[in-house]
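J.:
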Amino acid sequence: DIDIVFIDDLILHSSALTIPHPFMAERPFVLKPLLEVCPEWVHPQSGQSVQALWEALPKDDRLTLIDRL
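Note that the numbering used here gives residue 6 to position 2 of the sequence shown, counting from 1, and the numbers run on in steps of one.
See the structure below:
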């Protein structure tokens with residue numbers, strides 16, 4: 005199973021696929037890695053950057069990196 009979170013600024017709604025992923029802004033396990041690699045990417049529907057989406061998460065929902073491998 006592969007989730008396609010986003011492709012540049014593409015917006016797609018089909019019976020098989022929705023891009024950007026409809027729940028990405030609610031999922032810390034999606035936002036945390038994006039925050040590290042592309043914090044300036046802007047969600048094409050909400051107009052918010054990954055940084056802003058991360059900061060909008062409730063603090064209790066945020067992930068903490070314990071140790072780098």
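Ideal Cβ placement from N, Cα and C applies to all residues, glycine included. For clarity, every value in this text was computed on a predicted model and none was experimentally measured.
1) Is it the case that the Cβ atoms of L35 and L14 are separated by a distance below 9 Å?
2) By alpha-carbon positions, which one of P43, R31, D12 ends up nearest to I23?
3) Tell me the DSSP secondary structure of V46 in three-state form.
4) Which residue marks the beginning of the alpha helix (DSSP H) containing A60, and which one marks its end?
5) Candidates R31, P48, W45, L21: which alpha carbon is nearest P60's?
T.: Reading off the structure:
1) no
2) D12
3) strand
4) 54-60
5) Looking at the sequence shown, residue 60 is not Pro but Ala. Cα-wise, what sits closest to A60 is R31.
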